[in-house]
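The numbering of the sequence shown is full-length UniProt numbering, which starts it at 1 and goes up by one.
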Amino acid sequence: MSYIPCDIDFNFKGFSFHQEKCRKGCGFYGNPIWHGYCSRCWIQQRQKSQTHPLTDGFRHHTAILKVKPEQRRNEDLWKIPDTARNVTSNDGFPHSHITYRSLPVADSPGSLSLLTFPCLHALAQGDFSDFLKALRRPDAQNLMTHCTRFIQKLQDTEILTLDDKGEQVQEFYSTIGSLYPDHMTEEREKLLNNIEKLVMTRLYKSVFCLDGSQDEQKDLCFQAQIRSLVWVTPKMLQLSLHESNKEANDLVLSAVTTLVEIDSKRAPQDKLACVSKASNFIFKAISVSKIEPATADDFLSYLIFTILKANPPRLLSNIQYITRFCNPKRLVSGKDGYCFTSFVSSFVFINF
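Okay, here's the thing in C-alpha cells:
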C-alpha cells in the first residue's frame, strides 16, 4: 500500500490489532489512541509521568453542588488552591500562580442535599427532551447553573489544549455521576448520557476541528491516503462478498452511508452510535454472505473495506473527539466499546 506522509500525534507502535482487551489485563477494552490501554489504565499511566494528575478536573469552576446530608453548607465545593500558571478571573482580578481544581463530591463537606433523590430520578427518565423539561424544575436549577457555568468556562478559556479540555470534561462526568448511590446505576448512566449531549452540543464548535489547527490538514491527508487505495477489492481482503449477492452488497452500502453520517453528528454518543450502527450492518452482511458464523477477523476485514469505500470526512478529528469527550464507560465496555476499538484499529491499519 502506498503511504502519504502525514504528521501523527499518536504513537501506535507495538499495538496489536488482535489484542482487543487492555494491555494491562484489567478486562476492559483497549484503545489505540491510549496506546492499547483502557481509559482508566491510560490515566494511571499518564499520572505516573506528570506532576499533576489528569483528573485534576476543571480548574476554574466555582459552582456549588452539594449532595451528602452530612456536608457543611458554607464550604466552597469546587475551589482548592494549586500552584500553577497565572489565571485571571472573570472580574478582572489576577490570581498569581494559582489555578483551581475540582474536589470530588464524595470528599467535599456540606450540610444539605441540594439535589434531592426525586429530582435525580426525574432527570434520568425518558429521552433527551424529557431531560430538558426536568432540568427546568426548581429543584434542578442548581444542576442547570452548574452545567452552564462549566460550559462557559471552557468556551471562554484560551489557555487549555483540547486534551486538557477533554480531561476536564471527563472529570465533570465523574462528578455528576457521583451524585447517584451505587444502587442507581441505570439512572446514573441515563443522566450522564443526557449531560454529555447537553454539554458537548454546546461546546462542539469550541472543541472540534478548530480554525487554525492542524486537524483539517491531517484529515485531508488521511482522506488522500484512503483515496489512493480505491483499487482494493473484497477479494484482496479475503472477503466472502460477491457482486451477485445483492443483499450483502446493500448492507455494506448501508454501512458506508452510516459512516459518512458520523461527521454530521455533534454529541460524541451520536457519533459513536453511527459506528455501532455501521457495525450492525456489517455483521448482517457477513451472515448473509457466508454459512459459518462471523469471526473477529471477518468483521475487521469487512470494516476496513467499508472505511475504504466510505472515506468518511474528518475521520481523525471525529475519532479524537469521541475519545476525548465521550463517556469513557462506553469506550471500554460493551458492544460500543468493541465496535469503536475495531473501528480505530481499522483506521490505523489503513494509514500505516
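The beta carbon of each residue, even a glycine, is placed where N, CA and C say it ideally should be. In this text, all values refer to a predicted model and were calculated from it rather than measured experimentally.
| Check | Outcome |
| --- | --- |
| Secondary structure of Cys-147, DSSP reduced to three states | helix |
| Continuous alpha helix (DSSP H) stretch holding Tyr-204: start and end | 185–207 |
| Same chain, Cβ closer than 8 Å to Arg-40, five either side skipped, listed in chain order | Cys-26, Phe-28, Pro-328 and Val-332 |
| Environment of Ser-213 [buried if 16+ CB atoms lie within 10 Å] | exposed |
| Residue from Asp-215, Tyr-204, Leu-241 and Val-230 whose Cα sits closest to the Cα of Gln-269 | Tyr-204 |
| For Lys-79, three-class secondary structure by DSSP | Model confidence at Lys-79 stands at a pLDDT of 34, short of 50, so the residue's coordinates are unreliable; what they give is reported in the following sentence. Reduced to three states, the DSSP call for Lys-79 is coil. |
| CA nearest to the CA of Val-199, picked from Arg-188, Ala-267, Gln-217 and Glu-243 | Ala-267 |
| Between the CA atoms of Asp-139 and Ser-342 - distance to the nearest angstrom | 42 Å |
| Cβ separation of Phe-299 and Phe-283, assumed to be a contact under 8 Å, to the nearest whole Å | 7 Å |
| Glu-167 versus Ile-286, Leu-154 and Ser-178, residue with shortest Cα-Cα distance | Leu-154 |
| For Ile-262, the three-state DSSP class (helix, strand or coil) | helix |
| Member of Asn-245, Pro-313 and Leu-237 whose CA lies at the smallest distance from the CA of Lys-271 | Pro-313 |
| CB of Leu-259 within 7 Å of CB of Ala-310, strictly | yes |
| Given 8 Å, three or more beta-carbon pairs between the segment 117–135 and the segment 188–198 | yes |
| Cβ-based neighbour list, Leu-241, same chain, cut-off 8 Å, excluding 5 preceding and 5 following | Pro-234, Ala-248, Asn-249, Val-252, Ala-285, Ser-289, Tyr-302 and Phe-305 |
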